[in-house]
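So the structure is just underneath, and the comments pick up after that.
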Amino acid sequence: MPGVTTINAPRDLSFRYTPAVAAELEQRWQDRWDERGTFYAANPVGEWTGPDGQSASAPGYFIMDMFPYPSGAGLHVGHPLGYIATDVVGRYRRMRGDNVLHAMGFDAFGLPAEQYAVQTGEHPRTVTEANIEVYKRQLRRLGLAHDPRRTFATIDSDYVGFTQWIFLQIFDSWYDDDARKARPIAELRGELNAGTRAVPGFPEGTAWATLTEEQQRDVLDSQRLAYVDESPVNWCPGLGTVLANEEVTADGKSERGNFPVFTKALRQWKMRITAYSDRLTEDLDLIDWPDKVKSMQRHWIGKSTGANVSFDVADDHGAPGGESLVVFTTRPDTLFGATFMVVAPEHALLDTVPATWPALPSSPSSSAEPATSSPSSCAEPAEQAESQDLAVAFGKAKPATPAPTATPAFIPPGFAETAEHYAERQASVQGTSTSAASFTGAAVTESPAASSQDEQENVSAIPASWTGGYATPTQAVAEYRKLAAGKTAVERQQDAGAKTGVFTGHYAINPLTGTLIPVFTADYVLMGYGTGAIMAVPGGDQRDYEFAEAYDLPVIYTVAPEGGLPADLAEAYTGDGIVVNSPGLNSPAANSPAAVNLTLNGMTVPEAKATTIAFLEANAIGESTTTYRLRDWLFSRQRYWGEPFPIVWDSQDRPVAVTQDMLPVDLPDVPDYAPRTFDPEDADSMPEAPLGRNDDWVHVTLDLGNGPQQYRRDTNTMPNWAGSCWYYLRYLGQDAFNPKLEAYWMGPHHNATSGDAGGADLYVGGVEHAVLHLLYARFWHKVLYDLGHVTAIEPFGRLFNQGYIQAYAFKDDRGQYVPAAEVEGDETTGFTYNGDPVTREYGKMGKSLKNVVTPDEMYEAYGADTFRLYEMSMGPLDLSRPWNTRDVVGSQRFLQRLWRNAVDEDSGALTVTDDAPSVETLRQVHRTISEVTTEMDAMRPNTAIAKLIALNNHLTGLSGVPRVAFEPLVLMTAPFAPHIAEELWEKLGHSDSLAYAPYPVADPQYLVEDTVTCVVQVKGKVRGRLEVPPSISDSDLQAQALAEPNVLKFIGDAPVRKVIVRAPGLVNIVV
RNA sequence: GGCCCCAUGGCGGAAUUGGCAGACGCAGCUGACUUAAAAUCAGCCGCCUUCGGGUGUGUGGGUUCGAGUCCCACUGGGGCCACCA
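If you want it as structure tokens, here you go:
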């Protein structure tokens, strides 16, 4: 023990736990674990069925980290936080008797390695493999209890083969909506052939056999879960590749590189993740994930229920023209308030628009009783306006020849005033002209030049703001489409809120009212969501309101809160309330055969929704519909460093899967693997895949079942997510799809804590993958599940998001960052660098901020155990917190004291005694065991460590440390600081690694105390304490409390009104 | 703009169901040991105080015998989404 040596004698202390001693013993134990295969996990079948002691007869516990992308920058101290946490859990579970599977692979395809390779001129594989070696070395030094046999990188050829095999599983599947699962495409062919299933895309009753072979292939290809499709995608010229929605940031830039992203129609591979929208949402209920991540995924999938409503597009006479426009709405109850419609610029309705602008009446006669669009009129539904002329005008190019059938029976309030407004505006702009066209609604104050007198007349009939200044709808729509297509996502972002659009010349007929309402196109309506068209209800939707404001369109409020809407309301009303202004027709209008006496007035919003949907369905003009925000996953990239598609294209330019024996399809050598990138602003550039630069590779002759044929290989590569979509299965072994193997490690209820969905028992990683990797992987897993390759319903049964380790950075008065490690001072004295004051910032750790601390520095200065312990004791695992090198010494002191409690620093001799410990010590030991076990189970390493330190501090004060107290402490410390624990365990005389030693179990007899401290409060304030037996009765305790002198003092003369007794811990006396 | 989360000493953070606020660590202070320092060991350590006590968990209110914990509003910080009809 310290202090027993003779005073003044020079002390050697060569057995003190110094960083050098730590480094030596840590590396010695790491070597030993490797040699002995200490952390080999045993499989139940096939390879790796381990020796005794690692038997798969124990429950399997499968732990995972989000595997690293080995960048050239190496690790900083923030990176290993999650790896240490999983290692602690793994070591703990192992001591608790589980067969723990924990290993680490590397996510190695992707942009950063490729970009680095292009810069340095080295091949991406060379760069990546070198980085992996650095990572492996740095991670090994941490002493992670991984099964090294199970490591891999996603770039390994056999791994790529499996990735491609799974791709083909997806390619060869379709989604059976009735069965709610993916099935092999061959089964679809069988059903189509047998006539038990209608041929999609062909008229009812079409026989499969009557289709040509090409048609049949097109039908099947169109149903695959992996398919090629031309549609608007995110094209990033700066990166030279297309990107998934999830890889584009909110401000319309690429997540990698921050380049502008354009929407461009391109032929690309996609994955039908939308088929799984419902299951991906519902099954979130089965898994133990942070609510935050679940909610992010729900949000991203964005399920919303409503109705599709079909509007007839009017002909020249205001009658149904045969064409219909289907919109999706979540508010069918507001259908009476639909005063215009908007279609996305890409909408097919715009392919044909009227040749000329329809006219408006020059002097509306309907102003006698103008209904008003002000909210005050809402509480009392306006009478049916008599603005026949206006209605005719909306439906007709020439008001002189009204067709009786074109007369709507009901004109919503608001239109009349608007028509007047148009006339005024017309008058004000007449005679002015300009060549500048504009689509900014009310901002237009000048009418454009027209090419002919005739057109000038036509244009004059419509507000200039509606036409965008163009002579014909065809021109206006074409120009607007061009404008919208040229916008970057950034510009769209910036324009959000400022509504632009143009009138299409079309009118549609409101199916409930028969009213003719103008159809606009505007880019605030997105082609990819719903039907790409909306009914605009400015009274109930703020975006529609803004558009109505800009284009002088009428506003009808169909919902009013109790007490009515404020008279000066100048926005949409989106709150709850009672439906108003929604009366049905007295008699069906001729041009709206479905319209009958539907009235919603007086209903609540939910009632009105249900009533409207029922009405729409009964009259075949609409139906209840569910829509999702989620889009199909854009799966191809025009980069080199990724998995090639196992697909070839035949002479008819249709995709064909290569056969399984041709896997893996390895990356070819190409003369130049650099991506073809462009001016980041060049929206007109086209993607060019580097794999296309090797003709010998691209053009192949293969026998894919019908004799040798000429094919052209697909030159796309898969996105970097592909490799991470199934890597968890790879940890199970080469034979990952062996059902017994997968069920043992991942199947539902494979151990005491795994739930209905199965999956890995613990998956730890940052929250940044909440919707990217985690959604894609769930999707792939569900396909594999449907096809019978796995038994787990979900890949990750429990997810834990660790926080980030952040750091302080310091800037001098010029705003330059200075090396954080050399800054002196603290919060109270202020911070200085070389004597000059500097200011502190808090944020990420990074080279540019000059505040990086590396694990290597920590190994050197303290050793891996101290480093691990510090990271685990800093605070709750899921909280981000600042790194403070200054604090690390506290963790080191704990380990030194632990060591000193058992080892003489001069001689190295064991000082632990076999004397019987005091009852007090036993109580503290067993209470610590009990509490630490609770904390470990709850994944609260910081509080577990605090209790270990407290126990160690208690032992430090004893004259001799008893073995029965020290051994449990060593075992409980082992998950955090495994090397020193192994060393002490060996010194204590154990020859086996403590990795499999049973975790201490608390003896209940030492958990009960003789007495407990009871707090006596007067009016909620502590005024006295009593030592009482735990079993004391309420009445005895109350009596004792009321006799306590200090308590009596505070009660004084006041009468005791009430006494709250919570035996044995608390009495509160109310006076 | 919408939704969600968070706020405790000089610092990181503790605190079962509402029941002794500040565990554990850092920094700081005192003492022992030492010629001295380091290291170690033993203590102290929210603020105010006339040493009785008062007060205290971002601010203001509420519920309760009792609130860091529950409710409402606000302020500050963070996150996600962002024209999704």
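Residue 682 in the working numbering sits at position 669 of the first sequence, and the numbers go up by one each step. C-beta atoms are modelled at their ideal positions from N, C-alpha and C, and glycine is treated no differently.
**Message:** Under DSSP, the beta strand (DSSP E) around residue 494 begins and ends at which residues?
**Reply:** Counting from one through the first sequence, the residue named residue 494 turns up at place 481. First-last for residue 494: 486-499, but that is the alpha helix (DSSP H), not the beta strand (DSSP E).
inquiry  = Quick check on DSSP: helix, strand or coil for residue 1044?
reply    = Counting from one through the first sequence, the residue named residue 1044 turns up at place 1031. Coil.
Residue 579 and residue 590 - do their beta-carbons sit closer together than 8 Å?
The count along the first sequence starts at 1 and reaches residue 590 at position 577. The count along the first sequence starts at 1 and reaches residue 579 at position 566. No, these two residues do not count as a Cβ contact at 8 Å.
When you compare only the Cα positions, how much space is there between residue 418 and residue 225?
-> The residue labelled residue 418 in the question sits at position 405 within the first sequence. The residue labelled residue 225 in the question sits at position 212 within the first sequence. Below a pLDDT of 50, predicted positions are generally treated as unreliable, and residue 418, at 30, falls in that range; no measurement from the model is reported.
Would you tell me roughly how many angstroms separate the C-alpha atoms of residue 554 and residue 348, rounded to the nearest one?
Here residue 554 is taken as the residue at index 541 of the first sequence, counted from 1. Here residue 348 is taken as the residue at index 335 of the first sequence, counted from 1. Each residue's Cα considered, the two are about 12 Å apart.
With DSSP run on the structure shown, which of helix, strand or coil describes residue 758?
The residue you call residue 758 lines up with position 745 of the first sequence. It is helical.
DSSP beta-bridge partners of residue 591: As a working mapping, residue 591 is identified with position 578 in the first sequence. Looking at the DSSP assignment, residue 591 forms a beta bridge with 573, 617.
- Item | Cβ-based burial, residue 855 [other Cβ within 10 Å; buried from 16] | As a working note, residue 855 is residue 842 in the first sequence. So residue 855 counts as exposed.
| Okay, do the stretch 105-114 and the stretch 874-881 touch, 3+ Cβ pairs below 8 Å being the bar? | no
Unbroken alpha helix (DSSP H) runs of length 4 or more, entirely within the stretch 178-227: which are they? 198-207
Answer yes or no: do residue 158 and residue 100 have a C-beta to C-beta separation smaller than 8 Å? Locating residue 158 in the first sequence gives position 145, counting from the first residue. Locating residue 100 in the first sequence gives position 87, counting from the first residue. Yes. Within cutoff.
Determine the DSSP secondary structure at residue 967, reduced to helix, strand or coil.
-> Along the first sequence, one-based indexing puts residue 967 at 954. Three-state result, residue 967: helix.
Are the stretch 118-130 and the stretch 143-151 touching by the rule of at least three beta carbon pairs closer than 8 Å? yes
message: Restricting to runs no shorter than 3 residues, where is the beta strand (DSSP E) found entirely within the stretch 692-736?
response: 712-716, 721-726
**Prompt:** Under 8 Å, do residue 892 and residue 98 count as touching if we go by C-beta distance?
**Reply:** Numbered from 1 along the first sequence, position 879 holds the residue referred to as residue 892. Numbered from 1 along the first sequence, position 85 holds the residue referred to as residue 98. No; because the gap between Cβ atoms is not below 8 Å, this pair is not in contact.
Worksheet item: According to DSSP, is residue 857 helix, strand or coil?
Response: Position 844 of the first sequence, counting from 1, holds the residue named residue 857. Three-state result, residue 857: coil.
**Item:** Environment of residue 271 [buried if 16+ CB atoms lie within 10 Å]
**Value:** Indexing the first sequence from 1 puts residue 271 at position 258. Classification for residue 271: exposed.
task = With DSSP as the reference, label residue 814 as helix, strand or coil.
result = Here the question's residue 814 lines up with position 801 in the first sequence. Of the three classes helix, strand and coil, the one that applies to residue 814 here is strand, per DSSP.
>> Please return the same chain residues whose Cβ sits closer than 7 Å to the Cβ of residue 205, not counting the five positions on each side in sequence.
In response: What you label residue 205 is simply residue 192 of the first sequence in a count that begins at 1. Taken in chain order, the residues that qualify are 212, 221.
Practice problem: Indicate the three-state DSSP secondary structure (helix, strand or coil) for residue 688 in the structure shown. | Solution: Position 675 of the first sequence, counting from 1, holds the residue named residue 688. DSSP places residue 688 in coil when its eight states are reduced to three.
task: Note down, one range per segment and in chain order, each alpha helix (DSSP H) of at least 4 residues found wholly within the stretch 25-100.
output: 32-49
### Query
Which residues in the same chain as residue 399 place their Cβ atom closer than 6 Å to its Cβ, once the five residues preceding and following it in sequence are excluded?
For the purposes of this step, residue 399 is taken as residue 386 along the first sequence, with counting starting at 1. Low confidence applies to residue 399: its pLDDT is 32, below 50, so where it sits in the model is not reliable enough to give any reading.
- Message: Taking the alpha-carbon of residue 480 as reference, which of 89, 535, 648, 971 has the nearest alpha-carbon?
- Response: Sequence index remark: in the first sequence, residue 480 carries index 467 (1-based). When only C-alpha atoms are compared, the closest one is 535.
- If you run the structure through DSSP and keep just helix, strand and coil, what is residue 1038? Here residue 1038 refers to the residue found at position 1025 of the first sequence. In the structure shown, residue 1038 sits in a strand (DSSP, three-state: E or B).
Practice problem: Per DSSP, which residues does residue 248 bridge with? Please list them. | Solution: Against the first sequence, residue 248 aligns to sequence position 235. Paired residue(s): 255, 275.
Taking Cβ positions, are residue 663 and residue 724 nearer each other than 8 Å?
Working through the first sequence from its first residue, we reach residue 663 at position 650. Working through the first sequence from its first residue, we reach residue 724 at position 711. Closer than 8 Å, so yes.
Rank 635, 154, 85, 71 by C-alpha distance to the C-alpha of residue 96 and give the top, closest one.
As a working note, residue 96 is residue 83 in the first sequence. Here the closest residue by C-alpha is 154.
Legend entry - Limits of the alpha helix (DSSP H) - the one that residue 798 falls within: Taking the first sequence and counting its residues from 1, one reaches residue 798 at position 785. First-last of the alpha helix (DSSP H) with residue 798: 786-799.
Spatial neighbours of residue 410 within its chain, please: CB distance less than 7 Å, with the 5 preceding and 5 following residues excluded, ordered by chain position.
Here the question's residue 410 lines up with position 397 in the first sequence. Bear in mind that a pLDDT of 27 at residue 410, under 50, signals an unreliable position, so the model cannot answer this.
Sequence-distant residues of its chain with Cβ nearer than 8 Å to residue 545 (five each side left out)
One-based indexing of the first sequence puts residue 545 at position 532. Answer for residue 545: 356, 357, 359, 360, 538, 539, listed in chain order.
Exercise. Based on the DSSP output, what are the partners of residue 637 in its beta bridges?
Worked result: Sequence index remark: in the first sequence, residue 637 carries index 624 (1-based). The partner list for residue 637 (beta bridge, DSSP) reads 320.
Exercise for the section: Determine the direct distance from the alpha carbon of residue 895 to that of residue 829, and round the result to whole angstroms. Expected result: Position 816 of the first sequence, counted from the start, is the residue given in the question as residue 829. Position 882 of the first sequence, counted from the start, is the residue given in the question as residue 895. Distance between the alpha carbons of residue 829 and residue 895: 21 Å.
Practice problem: Out of 500, 804, 883, 229, point me to the one whose CA is closest to residue 513's CA. | Solution: For this step, residue 513 is matched to residue 500 along the first sequence. Cα-wise, what sits closest to residue 513 is 500.
Segment limits, alpha helix (DSSP H) that includes residue 950: The residue labelled residue 950 in the question sits at position 937 within the first sequence. Segment 932-950, the alpha helix (DSSP H) holding residue 950.
Euclidean distance between Cα positions of residue 188 and residue 681 | Sequence index remark: in the first sequence, residue 188 carries index 175 (1-based). Sequence index remark: in the first sequence, residue 681 carries index 668 (1-based). Using only the alpha carbons, I get a separation of about 33 Å.
Q: Could you say which of 645, 1037, 43 lies nearest to residue 243 if we only look at CA atoms?
A: As a first step, residue 243 must be located in the first sequence, where it is residue number 230. When only C-alpha atoms are compared, the closest one is 645.
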